[in-house]
Each structure stands twice: as structure tokens, then as C-alpha cells.
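*Asks:* Heads up, the sequence shown is in the working numbering, so the first residue is 4 and it goes up one at a time.
Where is the CB? At the ideal position from N, CA and C, for every residue including glycine.
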Amino acid sequence: MPNETVTHTILKAKGPLLECVEDTVVREVPLTIHYNGEEIATLLCSLSQTEELVFGFLLNEGFIRFPEDVYEIRHDPIDHLVWVEGKPCLLQKELMSKRFVSACCGKSRASFCFANDALMVKPLSSTLSISLPEAYTYVKFLESHLPLFQATGGVHSGGVGFQGQALLTSYDIGRHNVFDKLSGSAFRTKLNLENHVIFFSGRVSSEILLKVAKMKVPILIARGAPTDLALSQATALNITVVGFAREQRLNIYTCPERISP
């Protein structure tokens, strides 16, 4: 397992007193991805699930469509470099030329905006329905299974749920990376997510909602708040968005018929 934290000596204030203590801080590394010999992105991320992150990123940004599109993947964990050999991507030049800084993570990550986004997402037709107790189960899982967050306060986390069970989990310093890791994990194991739930520790921006739509997941449960644009997209794409999910409380913003008492 990679060393995901470091220790720093800090001054901790409590009232008028200052105390010198050791504090645990999460590590952040720049991971540079090359696809078919070309550098396509540098992601600022945590040290876990690197290959899942790469697979999810390539899938969600349109470079690959199927697991067999990736022929070989090589990872240099010292210099944080990844080389992927895969099926030639006809839009690779276009995808690489339309970068923009994501509002979801400030300037922490370069994301891609490309013209065929609309072709990658369609309104979902899932008839999935879950009960409030099941929704609260995922909320409780987020609250009780965050050892790295509890140690550092510096990561987001998420998971894929089905019938009250957490099937996949991920965590990272970046919100986008959490979803790419989940997507990559499901992609590699050929897990169909169309009748599953994603639960997430952060807020829901339009870009996060778009990732959920690409994963074809009908229900998103988040601890944070959604934006108005995310909710507009969720309504158009028939995705249930739940926000401010804490303990025995939550807000259902869109497609409420999927959450039953």
C-alpha cells in the first residue's frame, strides 16, 4: 500500500494556549497520463487506485469505450507517470485541445470539455426505487468508513451501493477523481451500474452530475449541496439527486419517486 499521509509538526491553538503537536496530512501528487505516446493530462490526486483512476478518466473523457480498448498500462509510482497504449482515438487531438479548469476543484485539475458530451449522455429510463432506510444506510457508511478523512480531514470519498450494500468505494483529494475511480473500478470488472446508487461526501456541481450520467447511475446521494445547473441537468436526464444527507436527514431535489418512505 502507498504511504498516503505524512506527519507535520504544527502549533495547535485551544483558547489562549498554543501546543506543539504532530499532525497527519494527506499526500497530494501530480499524476501525468500519456495515451498512445502523447501526454494528455496531469491529475492532482491521492496515491490510491491509480489504475482505476486512469481507466475512469479515459472512459469519462471519451478516449476509450470498452475495457479491451486498453492494450497495456504502465505506471511509474516514483515519478507518478502512467503510459497507456490503447485503441487509437479519432478525437484525441480535439479532446486534448479543449481543456478548461474545473470549477469543482478550483485549479487542482485540468478537465476536458468536448463537443460530443451530449452524445455520451441520455435521459435514464431506470425504474430503480430505494427506501429511505436504504438511503440512510449509505449515509451512515460515508460517516463511519472514512479513516483517511478522520485522520487528515483532506479527502473526498464515495461508493457504489446496491440493496443497502457498498460494492465499491474510493477516496481522493479531488471530487472528480472519486468518480473516475468508481467508474474505472466498475469498468474493469464489467459491473453494470444502471440499477445502482452512488453516494458521495461532497457537493454536486454540473460536472459531477455529468459524470454520474455517463456512468448511467439513476440515484446520487451526497452530503453536500447541489448547484442549480446540476439540478437542471438532473431533471433533464432523469437522475435523482439527494443532498445534505446527514444521519437521519436528507433533501430530495429531483425525481423524488425513486425514494420511498
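Can you give me the C-alpha to C-alpha distance between Thr130 and Ile255, rounded to a whole angstrom?
*Replies:* Against the sequence shown, residue 130 aligns to sequence position 127. Against the sequence shown, residue 255 aligns to sequence position 252. If I take the Cα positions, the gap works out to 17 angstroms.
*Asks:* Bridge partners of Ser263, per DSSP?
*Replies:* The sequence position of residue 263 within the sequence shown is 260, counting from 1. DSSP lists Ser134 as partners of Ser263.
*Asks:* Suppose you measure from the CA of Gly65 to the CA of Thr27; what does that come to, to the nearest Å?
*Replies:* Working through the sequence shown from its first residue, we reach residue 65 at position 62. Working through the sequence shown from its first residue, we reach residue 27 at position 24. One C-alpha to the other measures close to 37 angstroms.
*Asks:* In the DSSP assignment, find the unbroken alpha helix (DSSP H) run with Arg191 in it and report its ends.
*Replies:* As a working mapping, residue 191 is identified with position 188 in the sequence shown. Start and end: Arg178 to Thr192.
*Asks:* Count Cβ pairs between the segment 17-26 and the segment 139-152 that sit closer than 8 angstroms; are there 3 or more?
*Replies:* No, because fewer than three Cβ pairs between the segment 17-26 and the segment 139-152 fall closer than 8 angstroms, the two stretches do not touch.
*Asks:* Just how far apart, CA to CA, sit Cys258 and Ser134?
*Replies:* To locate residue 258, count along the sequence shown from 1; it is residue 255. To locate residue 134, count along the sequence shown from 1; it is residue 131. Distance between the alpha carbons of Cys258 and Ser134 is about 14 angstroms.
*Asks:* Output the boundary residues of the beta strand (DSSP E) element that contains Asn254.
*Replies:* On the sequence shown, residue 254 is found 251 positions in, with the first residue counted as 1. It spans Arg252 to Ile255 - the beta strand (DSSP E) in which Asn254 sits, taken as one unbroken run.
*Asks:* List the endpoints of the continuous alpha helix (DSSP H) containing Ile222.
*Replies:* Along the sequence shown, one-based indexing puts residue 222 at 219. From DSSP, Ile222 is part of no alpha helix (DSSP H) but of the beta strand (DSSP E) over Ile222 to Ala225.
*Asks:* Which residue wins for smallest C-alpha separation from Asn180, given the options Ala169, Glu88, Thr45 and Ala16?
*Replies:* Counting from 1 along the sequence shown, the entry for residue 180 is found at position 177. Per the Cα distances, Thr45.
*Asks:* So what's Glu22 in DSSP terms, helix, strand or just coil?
*Replies:* Within the sequence shown, numbered from 1, the residue matching residue 22 stands at position 19. Strand at Glu22.
*Asks:* In chain order, what residues of the same chain have a beta carbon less than 8 angstroms from the beta carbon of Ile201, not counting five sequence neighbours either side?
*Replies:* Taking the first residue of the sequence shown as 1, we reach residue 201 at position 198. Answer for Ile201: Gly161, Gly162, Val163, Gly164, Phe182, Leu185, Val215, Met218, Val220, Ile222, Leu223 and Ile224, listed in chain order.
*Asks:* Quick one: what's got a C-beta closer than 7 angstroms to Tyr139's C-beta in the same chain, skipping five residues either side?
*Replies:* Counting from one through the sequence shown, the residue named residue 139 turns up at place 136. Once the five neighbours on either side are set aside, the close Cβ partners of Tyr139 are Gln251.
*Asks:* Taking the C-alpha atoms as reference points, what is the distance between Ser114 and Thr53?
*Replies:* For the purposes of this step, residue 114 is identified with residue 111 of the sequence shown, where counting begins at 1. For the purposes of this step, residue 53 is identified with residue 50 of the sequence shown, where counting begins at 1. Confidence in Ser114 is poor, its pLDDT being 41 and thus under 50, which makes the residue's placement unreliable; the coordinate value appears in the next sentence. Roughly 17 angstroms separates the two Cα atoms.
*Asks:* State the Cα-Cα distance for the pair Pro136 and Trp86, rounded to the nearest angstrom.
*Replies:* For this step, residue 136 is matched to residue 133 along the sequence shown. For this step, residue 86 is matched to residue 83 along the sequence shown. C-alpha separation (whole angstroms): 44 angstroms.
*Asks:* Write down the C-beta distance between Gly205 and Arg226 rounded to the nearest angstrom, noting that I regard them as a contact closer than 8 angstroms.
*Replies:* For the purposes of this step, residue 205 is taken as residue 202 along the sequence shown, with counting starting at 1. For the purposes of this step, residue 226 is taken as residue 223 along the sequence shown, with counting starting at 1. Correct: roughly 7 angstroms between the Cβ atoms.
*Asks:* Going by DSSP, what residue range makes up the beta strand (DSSP E) through Gly161?
*Replies:* As a working mapping, residue 161 is identified with position 158 in the sequence shown. That run of the beta strand (DSSP E) goes His159 to Phe165.
*Asks:* Can you pull the DSSP bridge partners for Gly246?
*Replies:* For the purposes of this step, residue 246 is taken as the residue at position 243 of the sequence shown. Answer is Asn254.
*Asks:* DSSP on Ala169, reduced to helix/strand/coil?
*Replies:* Locating residue 169 in the sequence shown gives position 166, where the first residue counts as 1. The answer is strand: DSSP assigns Ala169 an E or B state.
*Asks:* For Phe69, count neighbouring Cβ atoms within 10 angstroms of its own Cβ and tell me buried if that reaches 16, exposed if not.
*Replies:* By 1-based counting over the sequence shown, the position of residue 69 is 66. When all chains shown are included, Phe69 counts as exposed.
*Asks:* Contact defined as beta carbons within less than 8 angstroms: I believe Leu47 pairs with Gly187. What is the distance between those atoms, to the nearest angstrom?
*Replies:* The count along the sequence shown starts at 1 and reaches residue 47 at position 44. The count along the sequence shown starts at 1 and reaches residue 187 at position 184. That belief does not hold up - the Cβ atoms of Leu47 and Gly187 are roughly 17 angstroms apart, past 8 angstroms.
*Asks:* Using the beta-carbon count (16 or more within 10 Å), is Pro229 buried or exposed?
*Replies:* Counting from 1 along the sequence shown, the entry for residue 229 is found at position 226. By the 10 Å Cβ count, Pro229 comes out buried.
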